[in-house]
Amino acid sequence: MSMIIDGKAVSAKVKENVRDEIAELKKKGITAGLAVIIVGDDPASKVYVRNKKLACEFCGIDSYEYALPAETTQDELISLVKKLNADERVDGILCQLPLPEHIDEKAVIDNISPDKDVDAFHPVNVGRIMIGDYRFLPCTPAGVMELIASTGVEVKGKECVVVGRSNIVGKPMAMLLLHNSGTVTVCHSKTKDLAEHCRKADILVAAVGVPKLITGDMIKDGAVVIDVGVNRLENGKLCGDVDFESAKEKASYITPVPGGVGPMTIAMLMKNTLAAAKMKAAE
Ligand code: L34
């Protein structure tokens, strides 16, 4: 039987700290602003963007939402990004992914100023992560690290298995675990015998986007299991990459979906926006 890691509670603490720091900055006449761009009307993206806006309100961060139609061209989107790069009120710029098919995500991300790239998706910030310069923490992986820390389990020396190798989660996740002295294995769709790798993990992070891929028989007794997956099933319910029911019989600590990693992603975004505002103030 396992303890359930309460992502809502941990994220609330992070946001409270950000709120307090934002209040301190305001006393010095410094405000923090986050611009969020959403293109099209993907229902899941709308929910996430709404949650980001609410988090800004809670923290006292000014939020500027740009909801663009699905037909927006790549050039139009990049023009907006450039305008926001030059906008003094805006400390952080986030373009919610996925973008419609006709837009090249990389081209858009490459145009976000690295100093305002609160997602840490720009190649400059990705490179900084590689060398351990965490100007901006990659939101989801950093949120996962906070959740692991909340259990009191140390990463140092542990067998860590990351399932998934995306640029957004899997790769930076592996890097954060490595910088915390974990022994890291990254598994993916071509991995031979995924179950065997997973069973060695003291800390298992699932970020593949395949509902219930990780089942209890793939989990070592007492492992910490972090589920990054947010899959929407046909019945409208959310479900993770981990089969929670069977996994919770084996794990020592496990995150639920919803209420696990999702809220942390947003809390870490608030932290990055605060960092961006501080960077600007220090200039
Ligand atoms: N640019 N695009 C950019 N940055 C990001 O950091 C994201 N991500 C991912 C998708 N695209 C992005 C998010 O914001 C995933 N993601 C995200 C954010 C919030 C939540 C889930 C994913 C979240 O709030 N999840 C809630 C449930 C919400 C619901 O009911 O749908 C939870 O408790 O898990």
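Our numbering puts the first residue of the sequence shown at 1034, with every later residue one more than the last.
Note that beta-carbon positions come from the ideal geometry of N, C-alpha and C, so glycine has one too.
Practice task
Let me know if ASN1305 comes out buried or exposed under the rule of 16 or more other beta-carbons within 10 Å of its beta-carbon.
Solution key: On the sequence shown, position 272 is the one that residue 1305 refers to. It is buried - the Cβ of ASN1305 has at least 16 other Cβ atoms within 10 Å.
Problem - CA nearest to the CA of ARG1198, picked from LEU1210, MET1178 and VAL1241 - result: Translated into positions along the sequence shown, residue 1198 becomes position 165. ARG1198 has its Cα closest to that of VAL1241, out of LEU1210, MET1178 and VAL1241.
Exercise for the section: Could you tell me whether any non-hydrogen atom of the ligand L34 is closer than 7 Å to the CB of ASN1084? Expected result: Mapped onto the sequence shown, residue 1084 falls at position 51. ASN1084 Cβ: within cutoff of the ligand L34.
Practice task
Pick helix, strand or coil for THR1224, following the three-state DSSP scheme.
Solution key: Against the sequence shown, residue 1224 aligns to sequence position 191. In the structure shown, THR1224 sits in coil (DSSP, three-state: anything other than H, G, I, E or B).
Practice task
Could I get the ranges of all uninterrupted alpha helix (DSSP H) runs contained in the segment 1199–1261, with 4 residues as the minimum, in chain order?
Solution key: 1203–1212 and 1227–1231
Exercise for the section: Would you please state the rounded distance, in angstroms, between the beta carbons of ILE1236 and VAL1196? I believe it to be under 8 Å. Expected result: Numbered from its first residue, the sequence shown carries residue 1236 at position 203. Numbered from its first residue, the sequence shown carries residue 1196 at position 163. At roughly 12 Å, the Cβ-Cβ gap does not stay under 8 Å, so ILE1236 and VAL1196 are not in contact.
Exercise for the section: Measure from the alpha carbon of VAL1072 to the alpha carbon of each residue in LYS1311, THR1105 and ILE1094, then state which is nearest. Expected result: On the sequence shown, residue 1072 is found 39 positions in, with the first residue counted as 1. Of LYS1311, THR1105 and ILE1094, the residue nearest in Cα terms is THR1105.
Practice task
Using a Cβ-Cβ cut-off of 8 Å, state whether LYS1116 counts as contacting chain E.
Solution key: Structure shown: chain E not included; a single protein chain is present.
Problem - Bounding residues of the alpha helix (DSSP H) (the contiguous stretch that carries TYR1099) - result: Sequence index remark: in the sequence shown, residue 1099 carries index 66 (1-based). Unbroken run through TYR1099 is the beta strand (DSSP E), 1095–1101; no alpha helix (DSSP H).
Problem - ASP1274 Cβ short of 7 Å to the ligand L34 heavy atom set - result: Taking the first residue of the sequence shown as 1, we reach residue 1274 at position 241. No, the beta carbon of ASP1274 sits no closer than 7 Å to any heavy atom of the ligand L34.
Practice task
For PRO1174, count neighbouring Cβ atoms within 10 angstroms of its own Cβ and tell me buried if that reaches 16, exposed if not.
Solution key: What you label residue 1174 is simply residue 141 of the sequence shown in a count that begins at 1. Burial call: buried.
Handout entry: ILE1299 beta carbon less than 8 Å from that of LYS1085
Key = Taking the sequence shown and counting its residues from 1, one reaches residue 1085 at position 52. Taking the sequence shown and counting its residues from 1, one reaches residue 1299 at position 266. Yes; because the gap between Cβ atoms is below 8 Å, this pair is in contact.
Problem - ILE1070 versus PHE1091 - alpha carbon distance - result: By 1-based counting over the sequence shown, the position of residue 1070 is 37. By 1-based counting over the sequence shown, the position of residue 1091 is 58. Each residue's alpha carbon lies about 19 Å from the other.
Handout entry: Residue environment, GLU1267, which counts as buried when at least 16 other CB atoms sit within 10 Å
Key = Position 234 of the sequence shown, counted from the first residue, corresponds to residue 1267. Answer is exposed; the Cβ neighbour count stays below 16.
Problem - Segments assigned beta strand (DSSP E), at least 3 residues, entirely inside the segment 1037–1091 - result: 1066–1072
Exercise for the section: Return the first residue and the last residue of the alpha helix (DSSP H) that GLY1197 is part of. Expected result: As a first step, residue 1197 is located in the sequence shown; it is residue number 164 there, counting from the start. Element bounds for GLY1197: n/a, residue is neither H nor E.
Practice task
Flag ALA1175 as yes when its Cβ comes closer than 7 Å to any non-hydrogen atom of the ligand L34, and as no otherwise.
Solution key: Translated into positions along the sequence shown, residue 1175 becomes position 142. No, since every heavy atom of the ligand L34 falls outside the 7 Å radius drawn around the Cβ of ALA1175.
Handout entry: Whole-Å CB distance - VAL1080 paired with MET1303, under 8 Å assumed
Key = Mapped onto the sequence shown, residue 1080 falls at position 47. Mapped onto the sequence shown, residue 1303 falls at position 270. Contact doesn't hold; Cβ gap of about 17 Å is too wide.
Handout entry: Contact under 8 Å by Cβ, ILE1094 with GLY1066
Key = Translated into the one-based positions of the sequence shown, residue 1094 becomes position 61. Translated into the one-based positions of the sequence shown, residue 1066 becomes position 33. Yes.
Exercise for the section: Tell me where the beta strand (DSSP E) around LEU1127 begins and ends. Expected result: If you number the sequence shown from 1, residue 1127 lands on position 94. LEU1127 -> beta strand (DSSP E) spans 1125–1128.
Exercise for the section: From the DSSP output, read off the bridge partner residues of ASN1264. Expected result: Against the sequence shown, residue 1264 aligns to sequence position 231. Bridge partners of ASN1264: CYS1272.
Handout entry: Residue nearest to HIS984 in terms of C-alpha spacing, selected from LYS1245, LEU1180 and TYR1167
Key = Residue 984 falls outside the range modelled here, since the chain spans only 1034 to 1316, and no answer is possible.
Exercise for the section: Indicate, with yes or no, if the ligand L34 has a heavy atom lying under 7 Å from the CB of GLY1292. Expected result: Start at 1 with the first residue of the sequence shown, and residue 1292 comes out as number 259. Yes.
Problem - Cut-off 6 Å between Cβ atoms - residues of its own chain near SER1279, not counting five sequence neighbours on either side - result: Residue mapping note: residue 1279 aligns to position 246 of the sequence shown, counting from 1. Here the set comprises THR1248 and GLY1249.
Practice task
Can you say whether GLY1262 is buried or exposed, counting buried as having 16 or more other CB atoms within 10 angstroms of its CB?
Solution key: Numbered from 1 along the sequence shown, position 229 holds the residue referred to as residue 1262. With 16 or more Cβ atoms within 10 Å of its Cβ, GLY1262 is classed as buried.
Exercise for the section: Within 10 angstroms of the Cβ of ILE1164, are there 16 or more other Cβ atoms? Answer buried if so, exposed if not. Expected result: Here residue 1164 is taken as the residue at index 131 of the sequence shown, counted from 1. Counting Cβ neighbours within 10 Å, ILE1164 comes out exposed, since fewer than 16 surround it.
Exercise for the section: Report back the beta-carbon spacing between GLY1190 and SER1214 to the nearest angstrom; my notes put them in contact at under 8 Å. Expected result: Working through the sequence shown from its first residue, we reach residue 1190 at position 157. Working through the sequence shown from its first residue, we reach residue 1214 at position 181. With a Cβ gap of about 6 Å, GLY1190 and SER1214 count as contacting.
Exercise for the section: Please go through the same chain and pick out, in chain order, the residues whose beta-carbon is closer than 6 Å to the beta-carbon of CYS1172, but skip the five residues on each side of it. Expected result: Counting from 1 along the sequence shown, the entry for residue 1172 is found at position 139. Answer for CYS1172: THR1298, MET1301 and LEU1302, listed in chain order.
Practice task
Taking 8 Å as the cut-off, decide whether the C-beta atoms of SER1096 and ALA1284 are in contact.
Solution key: Counting from one through the sequence shown, the residue named residue 1096 turns up at place 63. Counting from one through the sequence shown, the residue named residue 1284 turns up at place 251. No, the pair does not count as a contact, with Cβ atoms beyond the cut-off.
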